[in-house]
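In this note's numbering, the protein residues as written are 21 to 225. Following: one structure in structure tokens, then a few remarks.
Next comes the structure, spelled out in structure tokens:
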């Protein structure tokens, strides 16, 4: 029976938290391989938040962020977002491109392409971990990248999935790269039916 996202019990939330931990670990490993540098991950913080709270966690609705968004189909339907502040995205690009220094500002076409590939690889690694854990098929769409204020980017899934509930699963992954702490935010927004599918696949739904 489909349950409201707001009413997910503590056992279910513990399971979703563990999935978030494993998925984020996979994603950070993939990032480390992409940029050819050691990336250390702190224990991810997993929370169920409203879309309004998500914007506040990321720094406020007017914070400039890079967002990689893709939709999910097959056994798990919904949406997946990976967000990071624009300045931190510049640092990732600098590491990938071998820059000795970087400046804030607009991303070049090559840098945007690199960031899209980063988003594609790390969200793919995240979803692959969930697929293996649950034995469910997840087919992601081609990723779409946007550089905009957090409120604007979050408004897309908020409108699309608002009718199913106003909460999403946030996995805040802080990692250390180049001696700098960088925060990346994985936001998974399955449909309520997909929440049930995940829990049932793990034998607790």
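Even for Gly, the Cβ is constructed at its ideal location relative to N, Cα and C.
Checklist line | Assigned secondary structure, residue 205 (DSSP; H/G/I helix, E/B strand, else coil) | finding: Strand, per DSSP.
Notebook entry, point to check: residue 79 CB to nearest chain B CB: under 9 angstroms?
Noted result: Protein chains in the displayed structure number just one, and chain B is not present.
Note to self: Between the alpha carbons of residue 69 and residue 75, how many angstroms are there, rounded?
What the structure shows: The alpha-carbon atoms of residue 69 and residue 75 are separated by roughly 10 angstroms.
Next item on the list: Only counting runs of 4 or more residues, tell me where the alpha helix (DSSP H) segments fall wholly within the region 121–176, in order along the chain.
Entry: As summarised for the region 121–176, the continuous alpha helix (DSSP H) elements at least 4 residues long and confined to that stretch are 129–154, given in chain order.
Next item on the list: Specify whether the region 205–212 and the region 85–99 touch according to this definition: at least 3 beta carbon pairs, one from each stretch, less than 8 angstroms apart.
Entry: They touch, by the three-pair rule.
Next item on the list: For residue 39, collect the residues of the same chain with a Cβ closer than 7 angstroms to its Cβ; drop the 5 residues on either side in sequence, then sort them by chain order.
Entry: Excluding sequence neighbours, residue 39 sits near 150 and 153.
Check: To which residues of the same chain is residue 223 closer than 8 angstroms at the C-beta, ignoring the five residues directly before and after it?
Finding: So the list is empty, once near-sequence residues are dropped.
Notebook entry, point to check: Tell me the DSSP bridge mates of residue 69?
Noted result: Bridge partners of residue 69 according to DSSP: 188.
Note to self: Suppose you measure from the CA of residue 189 to the CA of residue 66; what does that come to, to the nearest Å?
What the structure shows: Cα to Cα, the separation comes out at about 7 angstroms.
Checklist line | Buried or exposed (CB count within 10 angstroms, at least 16 for buried), residue 133 | finding: Residue 133 comes out exposed.
Margin query: Here's a check: name, in chain order, each residue in its chain whose Cβ is nearer than 7 angstroms to the Cβ of residue 48, leaving out the five neighbours to either side.
Written below: Closer than 7 angstroms at the Cβ level, and outside the excluded window around residue 48, lie 59, 61, 193 and 195.
Notebook entry, point to check: Under the DSSP definition of a beta bridge, which residues are partnered with residue 91?
Noted result: Paired residues: 99.
Check: What are the start and end residues of the alpha helix (DSSP H) that includes residue 219?
Finding: First-last of the alpha helix (DSSP H) with residue 219: 212–221.
Checklist line | Proximity to residue 167 [Cα-Cα], best of 129, 191, 118 and 161 | finding: Closest by alpha carbon: 129.
Check: Thinking C-beta only, is residue 165 closer than 9 angstroms to residue 136?
Finding: Closer than 9 angstroms, so yes.
Notebook entry, point to check: If you draw a straight line from the alpha carbon of residue 159 to that of residue 176, how long is it in whole angstroms?
Noted result: Each residue's Cα considered, the two are about 20 angstroms apart.
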